[in-house]
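In the working numbering, the protein residues as written are 4 to 304.
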């Protein structure tokens with residue numbers, strides 16, 4: 004007979020814990036955004052005058068707003084369920100690779116290529132997220148092949164194409180100004196880069212989305228972005244075990260520790276200590292693993 008039980012609000016079957024991937028990436032994306040104020044995001048494709056106007060931009064809502072734009076486009080394009088889900092997950096953590104790059108004198112092109120490769124390599128360490136590997140790796144590719152990894156046209160995953168346009172649009176939005184004085188500027192900029200940065204298919208879908216006033220009102224409604232996003236995120240979810248969650252926590256511990264040379268390996272050392280002490284106290288393996296995960300993520304704020 005199967006044994007069911009409750010563990011710290013997680014519903015489990017035997018030793019398989021049902022931990023939601025959507026919940027995990029939602030929490031972790033906020034942590035990424037709050038630590039990300041790197042102007043390496045501003046590629047030379049962005050209008051220099053417009054970039055200067057938003058030089059004080061903060062990125063605390065970048066992943067969520069990028070996700071909102073991307074999902075609106077994806078709905079218009081009628082992406083299938085799996086592609087829609089993978090796009091959402093990738094959008095929420097697409098800048099995971101920026102966190103380990105410290106060279107302040109880097110050029111934009113170097114930065115962009117490095118963070119795409121670094122991000123995809125981190126994803127490769129997480130089996131439960133491997134389906135977004137290509138999206139993360141190629142989300143800065145240009146339709147005409149002029150991107151950092153030189154992929155072009157249909158060789159670029161459609162999810163990566165959508166993330167590309169959503170990412171660049173979100174970066175240029177000035178949330179301190181009314182949307183109606185920015186809307187036409189952004190639309191004209193997208194049209195200008197049709198068939199160079201963006202595929203005609205994706206541009207067409209974006210223009211259909213951009214024609215709706217509701218889209219712009221939602222986009223600048225930062226206080227309610229979580230609620231707005233909740234209404235369009237995929238219904239599909241993937242549930243993982245505690246040990247699979249540990250793999251995710253281990254990657255984010257590396258990100259946390261690498262923010263400073265003084266904290267290298269700090270979280271992992273705390274996690275190992277917490278696990279060993281828990282073992283010594285006679286805790287169950289499950290509880291020991293939870294203590295280890297808590298150690299890995301204890302500095303995430």
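From the three backbone atoms N, C-alpha and C, an ideal C-beta is built for every residue, glycine too. Fair warning: this is a prediction, and the values are worked out from it, not measured in the lab.
- The alpha-carbon separation between residue 112 and residue 164 amounts to approximately 18 angstroms.
- In terms of CA proximity to residue 141, 98 leads the group 98, 269 and 186.
- In this structure, residue 242 lies away from residue 86, with their beta-carbon atoms at least 9 angstroms apart.
- With a cutoff of 9 angstroms on beta-carbon distance, residue 299 and residue 274 are scored as near each other.
- The DSSP-derived three-state label of residue 149 is coil.
- Within the region 76-140, the runs of alpha helix (DSSP H) at least 4 residues long that lie entirely inside it are, in chain order, 84-95, 111-127 and 136-140.
- Residue 96 sits buried, since 16 or more C-beta atoms from the chains shown fall within 10 Å of its C-beta.
- Around residue 91, the same chain offers 70, 74, 236 and 237 as residues with beta carbons nearer than 7 angstroms, after the five sequence neighbours per side are excluded.
- Of the candidates 239, 281, 82 and 223, the residue whose Cα lies closest to the Cα of residue 177 is 223.
- With fewer than 16 other Cβ atoms inside 10 Å of its own Cβ, residue 157 counts as exposed.
- From the listed residues 125, 196, 72 and 250, the smallest Cα separation to residue 145 is found for 196.
- When DSSP assignments are scanned along the region 172-223, the uninterrupted stretches of alpha helix (DSSP H) that are 4 or more residues long and fall wholly within it turn out to be 186-195, 203-213 and 216-222.
- Bridge partners of residue 242 according to DSSP: 23.
- CA-to-CA, the gap between residue 207 and residue 79 works out to about 9 angstroms.
- Rounded to whole angstroms, residue 283 and residue 277 show a C-alpha spacing of 10 angstroms.
- For the pair residue 290 and residue 249, the CB atoms are not nearer than the 9 angstroms cut-off.
- Judged by beta-carbon spacing, residue 133 lies within the 9 angstroms limit of residue 126, meaning their Cβ atoms are closer than that value.
- Straight-line measurement puts the Cα of residue 260 at about 38 angstroms from the Cα of residue 182.
- Residues of the same chain with a CB within less than 7 angstroms of the CB of residue 64, apart from the 5 flanking positions on each side, are 36, 225 and 228 in chain order.
- The beta-carbon distance between residue 219 and residue 186, rounded to whole angstroms, is 6 angstroms. This is short enough to meet the 8 angstroms contact definition.
- By the beta-carbon neighbour count (other beta carbons within 10 angstroms, threshold 16), residue 169 is buried.
- Excluding sequence positions up to five before and after residue 209, its CB lies within less than 7 angstroms of the CB of 76, 168 and 193, all in the same chain and listed in chain order.
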